[in-house]
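In the working numbering, the protein residues as written are 507 to 598. Beta carbons: idealized from backbone N, C-alpha and C, even for Gly. This report refers to the structure that appears directly beneath it.
Right, dumping it as structure tokens:
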């Protein structure tokens with residue numbers, strides 16, 4: 507990790523100050539546009555924020571049918587070997 511010098515420190519501070527200023531100005535514009543509820547006890551009149559969840563329990567997925575049951579434990583892989591001074595690669 508590099509040591510932080512003055513130029514990087516000032517650049518980081520300036521960037522964070524600009525980002526904070528832009529965020530504040532956007533937030534204030536949005537806050538001014540939002541309507542203010544004037545009724546008391548408005549929170550109790552709203553619908554509850556929670557809902558009942560439905561649980562679905564699924565069983566095991568069906569097993570894949572293997573066409574070659576005697577080779578079920580092996581996967582084919584690409585293997586290379588030398589034959590007569592040349593390299594030969596094939597699936598085994």
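A check of alpha carbon separations from residue 596 across 589, 590 and 584 identifies 584 as the nearest.
Rounded to the nearest angstrom, the Cβ distance from residue 569 to residue 582 is 20 Å, too far for a contact under 8 Å.
DSSP places residue 596 within a strand segment (E or B) once states are collapsed to three.
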